[in-house]
Amino acid sequence: MEARVTEQYYHSVRLDKKKCEGCIHCIQRCPTQAIRVRNGKAIIVAERCIDCGECIRVCPHKAKYAERDGMEELSRFSYTVALPAPSLYGQIANVKDINSLLCALRDIGFDDVFEVSAAAERISSGTKKFLKENTNFPRPVISSACPVICRLISVCFPNLIEHILPLHSPMEEAGRLAREAAMKKTGLPPEKIGVFFITPCPAKVTAIRHPMECETSNLDGALAMNDIYPALVSALKHEEAEEDLQNSGLIGVSWGMTGGEASGILSEDALAVDGIENCMKLLEEIEDEKLHDISFIELNACSGGCVGGVLTAENPFIAKARLQHLRKYLPVAMNRASAEETRTVLTAEKLPEPVPALRLADNLEDAMKKMNRLNALLETFPRLDCGTCGAPTCRALAEDIVRGYTTEQDCIFRIKEELEGAGLGKAAEDLIPPPFRKKKE
Amino acid sequence: MEPLHLHYDVNGNDFTCAGEASGKIKRTLKSLGFSPAIIRNVAIAVYEAEINMVIHAGGGVIDCTIQPDQILVVLKDTGPGIPDIEQAMQEGWSTAPENIRQLGFGAGMGLPNIKKYSDDLKIDSTVGVGTTITITVRNHP
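Chains as they are written, first to last, in this note's numbering: chain A, 1 to 441; chain B, 442 to 582.
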């Protein structure tokens, strides 16, 4: 099992072994079946993990956490810029306008702020242009903005990689623009400028440290929304701000919630889906070519979109209502990039690469042998998916066995059979937990 | 090389189950590491045939035999049978009732799509007895 945890795949979602009690909440919630419990502790299988953070949400012992940067990282730089994801605007109650929030964000320790929503507006117009000019690109085109979705496609739907929009995410585009602007303003070299994303989710931390869309990220780190939340609330002033830091409109700000990106391309055949299970079902449908007349799909791993991220501070429904209120008085967009600028700078350096995590073996014949054994094993398992073996389902246990990671003895029913074989049938019946005992007539 | 056999019973009265067998076959092929093109061809052809089975024949059985060089799927039902196979193969020809069409099925693309995505398609059908559809997708390494 340990052999599968490789350094090849960096993940921000981590386990605090001291806090882990070895229960089975996380293994059954994980959408890619990336967690097992061994020797009383959870293990995250690196090649399957997509950093969605569902295990962080569900762990009753707070043993799962997201690695991220702290404010102390800012001291490494001469000049720092905060890049708030638009979902930040919905986190705090009684905010008069977005500008007062941006001023407060700067005042907690940054030299400047740059709205990611400003870059999002560029991506919206770039997407519109891309769809119009690339009619031969496989439809539906899938948004590249949510890093969990990109990683999910790499692991579970590698044949859909060719559907991913080959444009940068708003975060990367914002990082580039913010650094350029700071260099112009200060005359400092790029390495003296610290560009920090204010993130709603762990996947964006991973996306900065191990980017899928470029070789090196334009960002220097990520601070979690719920970490900076207390400081931000105290820094918020209620009088009129003296400076105008805002540079995006309704289209950009709407990216913080489900439907924002899809509506930003101003097309009727765009679809928005949220929630990891819903996204997986939809990707299956795209794979089977069941989806027709849809040209663009926005997929958000979190319910409600980025406001539902696991590192946010506010309930996503309230955050969404606040975003809807705050955007009401904004112009539609404030993007002034030229057509040429939009075309050349937005193109991603690379696409996500397929991860062969689901393959049983490197070659077909070995894989078939393992599959035959897996199916035979599965026939002998109770198929209750009870999780007591530490795998999320009986099938997952069978798969772990044929991969050579564990043995049949992990199954509680095998232990019962052995006891029965040793003439301890009655004792076995009483020893196994109540849900698995045969009903007494 | 011992081939891999998969068997599924398809419930004919439940639309929500339609696509379950083809989905499982697809997941199996993914675990085996077949190429995306092969997986797509099998998934789409078998899904269409499975839906047909539910719409027209009240369910049936699916037997899938996987070998490194080919995937063979036999779908057998005891439904009404197809009186004129040539006509049924035409794009847009459909005998699906209105309520089925309202669900977005029965556009008359089922059999043509199966043919399009398979390397070989065999249809044996007797009116009043049933239909057996044999789909072959070859794997050219």
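Beta carbons are placed, not taken as given, at the ideal position from N, Cα and C, and that holds for glycine. Remember, it's a predicted structure, so these values are computed and weren't measured experimentally.
With DSSP as the reference, label Ala-42 of chain A as helix, strand or coil. Walking along the first sequence from the start, residue 42 of chain A turns up at place 42. Ala-42 of chain A: strand per DSSP, three-state reduction.
Tell me where the beta strand (DSSP E) around Asp-400 of chain A begins and ends. On the first sequence, residue 400 of chain A is found 400 positions in, with the first residue counted as 1. Counting along the chain, Asp-400 of chain A falls outside any beta strand (DSSP E), though it belongs to the alpha helix (DSSP H) covering 394–402.
Residues near Arg-179 of chain A in its chain [Cβ-Cβ closer than 8 Å; skip 5 each side]: As a first step, residue 179 of chain A is located in the first sequence; it is residue number 179 there, counting from the start. Same-chain partners within the cutoff: Val-81, Pro-190, Ile-193, Val-195 and Asn-218.
Of all the CB atoms in chain A, is at least one closer than 8 Å to the CB of Pro-477 of chain B? Working through the second sequence from its first residue, we reach residue 477 of chain B at position 36. So, interface residue.
Going along the chain, which unbroken runs of the beta strand (DSSP E) with 3 or more residues stay wholly within the region 125–211 of chain A? 193–199
Cys-20 of chain A (DSSP reduced to helix, strand or coil): Position 20 of the first sequence, counting from 1, holds the residue named residue 20 of chain A. It is coil, neither helix nor strand.
Name the chain B residues that come within less than 9 Å of Leu-443 of chain A, Cβ to Cβ? Lying outside 1 to 441, the shown extent of chain A, residue 443 of chain A is not represented and no answer is given.
CA-CA distance, Glu-527 of chain B and Arg-209 of chain A? Residue numbering aside, residue 527 of chain B sits at position 86 when the second sequence is read from its first letter. Residue numbering aside, residue 209 of chain A sits at position 209 when the first sequence is read from its first letter. Distance between the alpha carbons of Glu-527 of chain B and Arg-209 of chain A is about 58 Å.
Quick check on Val-484 of chain B - is its C-beta less than 8 Å from some C-beta in chain A? For the purposes of this step, residue 484 of chain B is identified with residue 43 of the second sequence, where counting begins at 1. Here residue 484 of chain B is Ala; the residue named in the question, Val, does not match the sequence. Yes, its Cβ sits closer than 8 Å to a Cβ of chain A.
For Pro-158 of chain A and chain B, any beta-carbon pair shorter than 8 Å? To locate residue 158 of chain A, count along the first sequence from 1; it is residue 158. Chain B, which has a Cβ nearer than 8 Å to the Cβ of Pro-158 of chain A, makes this yes.
Any C-beta of chain A under 8 Å from that of Gly-474 of chain B: Taking the second sequence and counting its residues from 1, one reaches residue 474 of chain B at position 33. By this cut-off, Gly-474 of chain B is an interface position.
Roughly how many whole angstroms lie between the Cα atoms of Asp-450 of chain B and Lys-465 of chain B? Your numbering for residue 450 of chain B matches position 9 in the second sequence. Your numbering for residue 465 of chain B matches position 24 in the second sequence. If you take the alpha carbons of Asp-450 of chain B and Lys-465 of chain B, they lie about 12 Å apart.
So what does DSSP say about Gly-256 of chain A, is it helix, strand or coil? Reading the first sequence from its first residue, position 256 is the one you call residue 256 of chain A. Helix at Gly-256 of chain A.
Nearest-angstrom Cα separation, counted from Ala-301 of chain A out to Arg-4 of chain A: Your numbering for residue 4 of chain A matches position 4 in the first sequence. Your numbering for residue 301 of chain A matches position 301 in the first sequence. Any reading at Arg-4 of chain A must be qualified, since the residue scores a pLDDT of 43, below 50, and its modelled position is unreliable; the value itself is stated next. Between Arg-4 of chain A and Ala-301 of chain A, the C-alpha separation is close to 25 Å.
Between the Cα of Gly-501 of chain B and those of B:Glu-539, B:Ile-507, B:Gly-522 and B:Ile-512, spot the shortest distance and give me the residue it belongs to. Counting from 1 along the second sequence, the entry for residue 501 of chain B is found at position 60. Selected option, being the one with the closest Cα: B:Gly-522.
Classify Ala-462 of chain B as buried or exposed, calling it buried when 16 or more other Cβ atoms lie within 10 Å of its own Cβ. The count along the second sequence starts at 1 and reaches residue 462 of chain B at position 21. Buried: at least 16 other Cβ atoms inside 10 Å.
In the DSSP assignment, what are the bridge partners of Arg-579 of chain B? By 1-based counting over the second sequence, the position of residue 579 of chain B is 138. For Arg-579 of chain B, which the question treats as bridged, DSSP gives the partners B:Gln-511.
If we count Cβ pairs, one from each stretch, closer than 8 Å, do we get three or more for the region 38–55 of chain A versus the region 10–26 of chain A? yes
Limits of the alpha helix (DSSP H) - the one that Pro-553 of chain B falls within: Position 112 of the second sequence, counted from the start, is the residue given in the question as residue 553 of chain B. Where Pro-553 of chain B is concerned, the enclosing alpha helix (DSSP H) stretches over 551–558.
Could you tell me which residues DSSP puts in a beta bridge with Thr-573 of chain B? Within the second sequence, residue 573 of chain B is the residue found at index 132, counting from 1. According to DSSP, Thr-573 of chain B bridges with B:Lys-517 and B:Asp-565.
His-497 of chain B, buried or exposed, once every other Cβ within 10 Å from all chains shown has been counted against 16: For the purposes of this step, residue 497 of chain B is taken as residue 56 along the second sequence, with counting starting at 1. That one is buried.
Figure out for me which residue from A:Gly-425, A:Lys-369, A:Leu-299 and A:Glu-242 has the closest Cα to the Cα of Cys-103 of chain A. Here residue 103 of chain A is taken as the residue at index 103 of the first sequence, counted from 1. Ranking A:Gly-425, A:Lys-369, A:Leu-299 and A:Glu-242 by Cα distance to Cys-103 of chain A puts A:Glu-242 first.
If I measure Cβ to Cβ from Glu-2 of chain A and keep anything under 7 Å in the same chain, skipping five residues before and after, which residues do I get? The residue you call residue 2 of chain A lines up with position 2 of the first sequence. The pLDDT assigned to Glu-2 of chain A is 40, lower than 50, so where the model puts this residue is not dependable; a value taken from the coordinates is nonetheless given after this. None.
So the beta strand (DSSP E) Tyr-65 of chain A belongs to, where does it begin and stop? For the purposes of this step, residue 65 of chain A is identified with residue 65 of the first sequence, where counting begins at 1. Tyr-65 of chain A -> beta strand (DSSP E) spans 64–66.
Nearest candidate by alpha-carbon position, reference Pro-213 of chain A, set A:Leu-165, A:Lys-185 and A:Ala-231: Residue mapping note: residue 213 of chain A aligns to position 213 of the first sequence, counting from 1. Here residue 213 of chain A turns out to be Glu, not Pro, going by the sequence shown. Nearest of A:Leu-165, A:Lys-185 and A:Ala-231 to Glu-213 of chain A, Cα basis: A:Leu-165.
Can you say whether Pro-434 of chain A is buried or exposed, counting buried as having 16 or more other CB atoms within 10 angstroms of its CB? Working through the first sequence from its first residue, we reach residue 434 of chain A at position 434. Exposed is the call here.
Skipping 5 residues on each side, what residues in its chain have a beta carbon closer than 6 Å to that of Thr-6 of chain A? Start at 1 with the first residue of the first sequence, and residue 6 of chain A comes out as number 6. With a pLDDT of only 44 at Thr-6 of chain A, under 50, the local geometry of the prediction cannot be trusted, and the value read off the model is given with reservation. Excluding sequence neighbours, Thr-6 of chain A sits near Ala-46.
Check whether chain B comes within 8 Å of Arg-359 of chain A, counting only Cβ atoms and requiring the distance to be less than that. Counting from one through the first sequence, the residue named residue 359 of chain A turns up at place 359. Yes, Arg-359 of chain A lies at the interface with chain B (some Cβ there is under 8 Å from its Cβ).
Between which residues of its own chain and Phe-157 of chain A is the CB-CB distance below 7 Å, once the five residues before and five after are set aside? To locate residue 157 of chain A, count along the first sequence from 1; it is residue 157. Excluding sequence neighbours, Phe-157 of chain A sits near Leu-283 and Glu-287.
With burial defined as no fewer than 16 other Cβ atoms inside 10 Å of the residue's Cβ, what is the status of Gly-40 of chain A: buried or exposed? Numbered from its first residue, the first sequence carries residue 40 of chain A at position 40. When all chains shown are included, Gly-40 of chain A counts as exposed.
In this structure, what does DSSP give as the bridge partners for His-448 of chain B? One-based indexing of the second sequence puts residue 448 of chain B at position 7. B:Asp-504, per the DSSP bridge assignment.
Using 8 Å as the limit for Cβ to Cβ distance, is Asn-372 of chain A near chain B? The count along the first sequence starts at 1 and reaches residue 372 of chain A at position 372. It does; some Cβ of chain B falls within 8 Å.
Do you know offhand how far Ile-480 of chain B's Cα is from Ala-398 of chain A's? Here the question's residue 480 of chain B lines up with position 39 in the second sequence. Here the question's residue 398 of chain A lines up with position 398 in the first sequence. Taking the straight line joining both Cα atoms gives about 23 Å.
Of all the options A:Ile-432, A:Ala-313 and A:Ser-248, which has the alpha carbon lying nearest to the alpha carbon of Leu-83 of chain A? As a position in the first sequence, residue 83 of chain A is number 83, starting the count at 1. That would be A:Ser-248, whose Cα lies nearest to the Cα of Leu-83 of chain A.
Three-state class that DSSP yields for Asn-315 of chain A in the structure shown: Along the first sequence, read from residue 1 onward, the residue named residue 315 of chain A stands at position 315. Reduced to three states, the DSSP call for Asn-315 of chain A is coil.
Per-residue DSSP class, three states only, for Ile-432 of chain A: For this step, residue 432 of chain A is matched to residue 432 along the first sequence. It is coil, neither helix nor strand.
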